[in-house]
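In my numbering, the protein residues as written are 608 to 730.
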């Protein structure tokens with residue numbers, strides 16, 4: 608039960624941080640706030656993966672707390688999906704497709720970068 612409560616608290620913190628970043632970074636015509644949290648969250652997930660899973664430098668209890676709770680709540684695929692659908696609904700097909708492409712490429716790229724940088728720091 609302790610781990611469930613820890614995940615819930617970390618998730619609440621991740622959600623509040625997401626709200627803050629989206630509010631501060633969100634652009635008027637492009638859903639840049641959601642893109643920002645997804646790319647940053649992917650980068651942080653890459654770091655967390657190396658530190659928690661590969662190198663096991665922390666308690667195994669930190670994995671669900673950090674990766675499921677905090678970062679799971681910080682990133683938001685559902686908001687990305689809704690914003691993409693909204694762009695299609697408004698007839699912004701090119702922007703919607705660009706948003707899909709940029710979100711996927713940058714998020715996976717950020718995860719790769721987070722893993723790579725963290726692995727190098729332990730080499």
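Virtual Cβ for every residue (Gly too), placed ideally from N, Cα, C.
Quantities reported herein were computed from a predicted structural model and do not represent experimental measurements.
With DSSP as the reference, label residue i as helix, strand or coil.
| i | result |
| --- | --- |
| residue 652 | helix |
| residue 728 | helix |
| residue 677 | helix |
| residue 663 | coil |
| residue 638 | coil |
Starting from residue i and walking both ways along the alpha helix (DSSP H), at which residues does that stretch end?
| i | result |
| --- | --- |
| residue 685 | 684-696 |
| residue 620 | 609-632 |
Looking only at its own chain, which residues have a Cβ that is under 7 Å from the Cβ of residue i, when we skip the five neighbours before and after it?
| i | result |
| --- | --- |
| residue 694 | 702, 703 and 706 |
Taking the straight line between their C-alpha atoms, what separation do you get for residue i and residue j?
| i | j | result |
| --- | --- | --- |
| residue 697 | residue 715 | 27 Å |
| residue 628 | residue 730 | 32 Å |
| residue 644 | residue 625 | 6 Å |
| residue 608 | residue 614 | 10 Å |
| residue 667 | residue 674 | 11 Å |
| residue 680 | residue 617 | 8 Å |
| residue 633 | residue 642 | 9 Å |
| residue 639 | residue 688 | 13 Å |
Assuming residue i contacts residue j (C-beta within less than 8 Å), just tell me the rounded distance between them.
| i | j | result |
| --- | --- | --- |
| residue 709 | residue 653 | Not confirmed; about 18 Å, so no contact. |
| residue 678 | residue 655 | 7 Å |
| residue 665 | residue 657 | Not a contact, Cβ separation roughly 11 Å. |
Please work out which residues of its chain come closer than 8 Å, Cβ to Cβ, to residue i, disregarding the five sequence neighbours upstream and downstream, and give them in chain order.
| i | result |
| --- | --- |
| residue 650 | 717, 718, 720 and 721 |
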